[in-house]
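Shown next, in structure tokens, is the structure this report addresses.
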């Protein structure tokens, strides 16, 4: 059981380039989320999904797209990278519903630099 | 949305000392988690504790949900305890999996 995995671990982009950050979980969790962490701050929610085919915006969604075609995968797309998107990105997942624990499990993060 | 405040923002200890970190939140919660972010940026899940008390070795946590606060206790601190400690909550009225993080407590343990 690998838990939540993220690739790549590190990435450097030039302004205007596009890329996709990958996130996968093997725990059959219905809920998945993307967070970003800027220096000296806590994590902030970008987008989240409550199941395959269903996504919604979080606190800081601008400049990012997501889709959820399977339960396991939740990729985050940067269509045109900007220096303000330099950050560390974390993916998380948890089970759905009150009868399960609400505990969230986090991946190891992707450190992105946009020059 | 729900607000999370952590205190103190910074804490410097000598190895072997004890400490208490506090997290206040503004509304009822389904989830409260404590994380340790080590100097390499790794986010380590310490406790899932929406209410009650838990202990794990030298660390323990207590959440008093009715009074909307949680405490993280670190006893006999070690240099490896250094890093940032985050409290994160999910409000009862929140849809989906939406954790709100505090700004963290930066802990430095000196040898």
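Residue numbers (the numbering used here), protein chains in the order written: chain A, 1 to 115; chain B, 1001 to 1111.
Backbone N, C-alpha and C define an ideal beta-carbon position, used for all residues, glycine too.
These numbers were taken from a predicted model, which means no experiment stands behind them.
Could you check which residue in the options has the C-alpha nearest to that of residue i?
i, options, result
"residue 1088(B)", "1081(B), 1067(B), 1097(B)", "1097(B)"
"residue 12(A)", "64(A), 59(A), 70(A), 87(A)", "87(A)"
"residue 44(A)", "1109(B), 1102(B), 1048(B)", "1102(B)"
"residue 1(A)", "72(A), 111(A), 110(A)", "72(A)"
"residue 1035(B)", "31(A), 32(A), 42(A), 34(A)", "42(A)"
"residue 91(A)", "111(A), 82(A), 81(A)", "111(A)"
"residue 17(A)", "46(A), 4(A), 77(A)", "77(A)"
"residue 1056(B)", "1068(B), 1074(B), 1040(B)", "1074(B)"
"residue 33(A)", "1053(B), 1028(B), 1090(B), 1042(B)", "1090(B)"
"residue 1024(B)", "1039(B), 1067(B), 1052(B)", "1067(B)"
"residue 52(A)", "65(A), 46(A), 74(A)", "74(A)"
"residue 1029(B)", "1071(B), 1072(B), 1063(B)", "1063(B)"
"residue 1072(B)", "1022(B), 1009(B), 1016(B), 1001(B)", "1022(B)"
"residue 15(A)", "30(A), 27(A), 63(A)", "63(A)"
"residue 1093(B)", "1008(B), 1027(B), 1108(B)", "1027(B)"
"residue 60(A)", "115(A), 23(A), 114(A), 89(A)", "89(A)"
"residue 1079(B)", "1039(B), 1008(B), 1009(B)", "1039(B)"
Since residue i contacts residue j with CB under 8 Å, what's their CB separation in whole angstroms?
i, j, result
"residue 1061(B)", "residue 1050(B)", "Wrong, their Cβ atoms sit about 11 Å apart, outside the cutoff."
"residue 1014(B)", "residue 1110(B)", "6 Å"
"residue 103(A)", "residue 1085(B)", "Actually they are not in contact, since the Cβ atoms of residue 103(A) and residue 1085(B) sit about 17 Å apart, beyond 8 Å."
"residue 1082(B)", "residue 1019(B)", "At roughly 12 Å, the Cβ-Cβ gap does not stay under 8 Å, so residue 1082(B) and residue 1019(B) are not in contact."
"residue 25(A)", "residue 3(A)", "7 Å"
"residue 1105(B)", "residue 1003(B)", "The pair is not a contact, with the Cβ atoms about 16 Å apart (cut-off 8 Å)."
"residue 96(A)", "residue 31(A)", "6 Å"
"residue 20(A)", "residue 107(A)", "Between residue 107(A) and residue 20(A) the Cβ distance is about 15 Å, and since that is not below 8 Å, they are no contact."
Would you decide whether residue i is buried or exposed? Buried here means 16 or more other CB atoms lie within 10 Å of its CB.
i, result
"residue 36(A)", "buried"
"residue 1012(B)", "exposed"
"residue 68(A)", "buried"
"residue 94(A)", "buried"
"residue 990(B)", "This structure gives no information on residue 990(B), because the portion of chain B shown stretches from 1001 to 1111."
"residue 54(A)", "exposed"
"residue 85(A)", "buried"
"residue 1100(B)", "buried"
"residue 82(A)", "exposed"
"residue 1031(B)", "buried"
"residue 79(A)", "exposed"
"residue 1033(B)", "buried"
"residue 109(A)", "buried"
"residue 1070(B)", "buried"
For a cutoff of 8 Å on Cβ pairs, would you count residue i as touching chain E?
i, result
"residue 1097(B)", "Absent here is chain E; the protein component of the structure consists of chains A and B."
Per DSSP, what kind of secondary structure is residue i in: helix, strand or coil?
i, result
"residue 1007(B)", "strand"
"residue 56(A)", "strand"
"residue 15(A)", "coil"
"residue 87(A)", "strand"
"residue 92(A)", "strand"
"residue 1061(B)", "strand"
"residue 5(A)", "strand"
"residue 1020(B)", "strand"
"residue 70(A)", "coil"
"residue 115(A)", "coil"
(message) At 3 residues or longer, what runs of the beta strand (DSSP E) sit wholly inside the stretch 1071-1108 of chain B?
(response) Runs found: 1083-1091.
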